[in-house]
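Engineer:
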Amino acid sequence: MKVYKGYLIALKRNVSTVILYCTIFFGVAVSMVYLSNRGENTGAYSQERLAIGIVDRDNSLWSQALEKYLEQYHDVTVMEDDMDELAEAVYGRRIRYAVIIPENFYEECIQGERKVESVTESGSQWEYYVNSRVDNFINSARVYLAGGYTQEEAAENVLDTADIQAQVELESSREDLGIYNVFRFMPYLYFSILCFVLGLIQKEYQNIDIRRRLEASSMTLKNKNIQSLLAFLTVGIFSWILCEGIGIATCFSEFWSSPNKWLILLNGFTIMLGALAAAFFVGSMARTEAAVNGMANVLSLGFCFLGGIFVPLELLTGVVRRIGQFFPTYWYAQNISILSFNETLTDSLKTTLIQGMGIQILFALACVAVALTVGKARRQEE
Numbered sequence: 001m002k003v004y005k006g007y008l009i010a011l012k013r014n015v016s017t018v019i020l021y022c023t024i025f026f027g028v029a030v031s032m033v034y035l036s037n038r039g040e041n042t043g044a045y046s047q048e049r050l051a052i053g054i055v056d057r058d059n060s061l062w063s064q065a066l067e068k069y070l071e072q073y074h075d076v077t078v079m080e081d082d083m084d085e086l087a088e089a090v091y092g093r094r095i096r097y098a099v100i101i102p103e104n105f106y107e108e109c110i111q112g113e114r115k116v117e118s119v120t121e122s123g124s125q126w127e128y129y130v131n132s133r134v135d136n137f138i139n140s141a142r143v144y145l146a147g148g149y150t151q152e153e154a155a156e157n158v159l160d161t162a163d164i165q166a167q168v169e170l171e172s173s174r175e176d177l178g179i180y181n182v183f184r185f186m187p188y189l190y191f192s193i194l195c196f197v198l199g200l201i202q203k204e205y206q207n208i209d210i211r212r213r214l215e216a217s218s219m220t221l222k223n224k225n226i227q228s229l230l231a232f233l234t235v236g237i238f239s240w241i242l243c244e245g246i247g248i249a250t251c252f253s254e255f256w257s258s259p260n261k262w263l264i265l266l267n268g269f270t271i272m273l274g275a276l277a278a279a280f281f282v283g284s285m286a287r288t289e290a291a292v293n294g295m296a297n298v299l300s301l302g303f304c305f306l307g308g309i310f311v312p313l314e315l316l317t318g319v320v321r322r323i324g325q326f327f328p329t330y331w332y333a334q335n336i337s338i339l340s341f342n343e344t345l346t347d348s349l350k351t352t353l354i355q356g357m358g359i360q361i362l363f364a365l366a367c368v369a370v371a372l373t374v375g376k377a378r379r380q381e382e
């Protein structure tokens, strides 16, 4: 078992790297749990009131109705018709948004297709928020008018609809995000530890002098490969126990109360296999220590940024999301999201989970196959 022992001896020399990454992750995990549980989470939601200004160039029944309608949602200030003053108020943050009601508002905006003018900061998120209120007012007015109501009746009914508000409550009993926030970042820890540590060890075993010594010994190539595989699995299982243990320790009560805790650990095991395969690939491809560090950084950071680890999957754009589906981290992130926010798994969710874990394993097999093929080609050249 000389090759197997050689891996473990080399691992001892790099144990400081493992401790460093685990310490950093533990600190981040504790911070994430603290932020997740900070304050009381009642599961209820309330809309945000904005300071907005209104310039009424029409001064009619409908312009006054729009002003009253917006007052039910926002803090409204009637302002002078001066564009310079409006711009100064917006950029000085005295108001977030300015609505300019044009002349002939009823004919041009409610009956016609003209849009209500506005003044806001370029690219401001509030533009869509307030515009949706104005659009709702106009669309409701059109519906009531088309239903045969007079203008006065329609305006009154539109104002009444603003009093109807949905009471939204979070029905799930899981009120914090400890599991999701901690275990979502686990792939970065796996890829960092295994690619940096095992990548360097595997690179040393690709040294031509070491390979020739092993070939000159009585050890067969099959025996060498079996010992290398056992060493990788030993280190991988050790890292899985260590990393998952850190995750459990930081959100202990929530984890053990989760009905999906064993699936969370299984999902972590499959991404660990992917990281092991990536480490084997890095060690087989790189010729220098600097190359190992570079490839390990690219894989760990690239997979985590594009695979929904650092950026939640729902925030990824269409193209980036499609690219991310080629990485095991994407399927890990999808699985951990399902396991964190669903206490009961439907058949479709179970199928999605199995598919995600299967793709992670297939990625590991593909990495190993490519590394073995390239390694064989190199040996033939030498």
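Per the UniProt record's numbering, the sequence shown starts with residue 1, numbered consecutively.
All C-beta atoms in this analysis are idealised placements derived from N, C-alpha and C, irrespective of residue type, glycine included.
The structure presented is a predicted model; accordingly, all values stated were derived computationally and were not measured.
Contact between the segment 187-203 and the segment 299-313 is defined here as three or more beta-carbon pairs at a separation below 8 Å; is this criterion met?
Structural biologist: Verdict: yes, contact present.
Engineer: With distances taken Cα to Cα, identify the nearest neighbour of Pro259 among Arg133, Asn342, Phe363.
Structural biologist: Among Arg133, Asn342, Phe363, the Cα nearest to that of Pro259 belongs to Asn342.
Engineer: Buried or exposed for Met357, please, with buried defined as at least 16 other CB atoms from any protein chain shown within 10 angstroms of its CB.
Structural biologist: Answer is buried; the Cβ neighbour count reaches 16.
Engineer: Based on the DSSP secondary-structure assignment, which residues constitute the bridge partners of Ser118?
Structural biologist: The partner list for Ser118 (beta bridge, DSSP) reads Val99.
Engineer: Could you say which of Phe26, Trp62, His74 lies nearest to Ala51 if we only look at CA atoms?
Structural biologist: Out of Phe26, Trp62, His74, His74 has the C-alpha closest to the C-alpha of Ala51.
Engineer: How many angstroms separate the CA atom of Ala65 from the CA atom of Leu316?
Structural biologist: Cα-Cα distance, rounded: 40 Å.
Engineer: Using alpha carbons as the reference points, say which of Met79, Gly92, Gln111 lies closest to Val99.
Structural biologist: Considering only alpha carbons, the answer is Met79.
Engineer: Assuming Val134 and Val90 are in contact, meaning their beta carbons sit under 8 Å apart, how far apart are those beta carbons, in whole angstroms?
Structural biologist: About 16 Å; that fails the 8 Å criterion.
Engineer: Tell me whether Thr346 sits in a helix, a strand or coil according to DSSP, three-state version.
Structural biologist: Coil.
Engineer: Measure from the alpha carbon of Glu204 to the alpha carbon of each residue in Ala291, Leu349, Ala87, Gly283, then state which is nearest.
Structural biologist: Nearest option by C-alpha distance: Gly283.
Engineer: From Ala154 to Leu145, what does the alpha carbon distance come to, in whole angstroms?
Structural biologist: Their backbone Cα atoms lie some 6 Å apart in a straight line.
Engineer: What would DSSP say about Asp84, mapped onto helix, strand or coil?
Structural biologist: Residue state, collapsed to three classes: helix.
Engineer: Using three-state DSSP, classify Asp56 as helix, strand or coil.
Structural biologist: DSSP places Asp56 in strand when its eight states are reduced to three.
Engineer: Short of 6 Å in beta carbon distance, which residues of its chain neighbour Trp331, apart from the five on each side in sequence? Order them along the chain.
Structural biologist: The residues are Gly356, Ile359, Gln360.
Engineer: May I ask you to list the residues that DSSP assigns as paired with Ala51?
Structural biologist: Paired residue(s): Asp75.
Engineer: What do you reckon, are the CB atoms on Leu362 and Thr329 nearer than 9 Å?
Structural biologist: No, they are not a contact pair.
Engineer: Would you give the residue range spanned by the alpha helix (DSSP H) that Cys304 belongs to?
Structural biologist: 289-306 is the span of the alpha helix (DSSP H), which, as asked, contains Cys304.
Engineer: Can you give me the start and stop residues for the alpha helix (DSSP H) that Ser284 sits inside?
Structural biologist: 261-285 is the extent of the alpha helix (DSSP H) around Ser284.
Engineer: Suppose contacts are defined by Cβ-Cβ distances below 9 Å. Is Ile354 in contact with Ile264 by that definition?
Structural biologist: No, these two residues do not count as a Cβ contact at 9 Å.
Engineer: Have a look at Val235 and Lys261 and give me their C-alpha separation to the nearest angstrom.
Structural biologist: Taking the straight line from one Cα to the other gives about 23 Å.
Engineer: In this structure, how does DSSP classify Gly92 when only helix, strand and coil are distinguished?
Structural biologist: Looking at Gly92 - three-state DSSP - the assignment turns out to be coil, as it is neither helix nor strand.
Engineer: DSSP three-state call for Leu316: helix, strand or coil?
Structural biologist: The answer is coil: DSSP assigns Leu316 none of H, G, I, E or B.
Engineer: With respect to the alpha helix (DSSP H) encompassing Arg184, which residues constitute its N-terminal and C-terminal limits?
Structural biologist: Neither: Arg184 is in no alpha helix (DSSP H) and is coded neither H nor E.
Engineer: Thinking C-alpha only, which one of Leu230, Ile24, Glu107 is nearest Cys243?
Structural biologist: Ranking Leu230, Ile24, Glu107 by Cα distance to Cys243 puts Ile24 first.
Engineer: To the nearest angstrom, report how far apart Leu233 and Gly318 are at their CA atoms.
Structural biologist: If you take the alpha carbons of Leu233 and Gly318, they lie about 36 Å apart.
Engineer: In this structure, does DSSP put Thr161 in helix, strand or coil?
Structural biologist: If DSSP states are grouped into helix, strand and coil, Thr161 belongs with the helices.
Engineer: Measuring alpha carbon to alpha carbon, tell me which residue in Thr288, Gly375, Cys195 is nearest Ala275.
Structural biologist: The residue with the shortest Cα to Cα distance from Ala275 is Cys195.
Engineer: So Ser258 is in the alpha helix (DSSP H); what residue range does that whole segment cover?
Structural biologist: Unbroken run through Ser258: none, as it is neither H nor E.
Engineer: Could you check if Asn59 is buried or exposed, using at least 16 other CB atoms within 10 Å of its CB as the buried criterion?
Structural biologist: Answer is exposed; the Cβ neighbour count stays below 16.
Engineer: Please classify Ile237 as buried or exposed, where buried requires at least 16 neighbouring CB atoms within 10 angstroms.
Structural biologist: Ile237 should be labelled exposed.
Engineer: Leaving out five residues before and five after Ile323 in sequence, what residues of the same chain have Cβ atoms less than 7 Å from its Cβ?
Structural biologist: Same-chain partners within the cutoff: Leu306.
Engineer: Could you check the C-alpha separation between Met83 and Ala141 for me, to the nearest Å?
Structural biologist: If I take the Cα positions, the gap works out to 28 Å.
Engineer: Among Phe105, Asn14, Thr250, which one has its Cα closest to the Cα of Ser192?
Structural biologist: It is Asn14.
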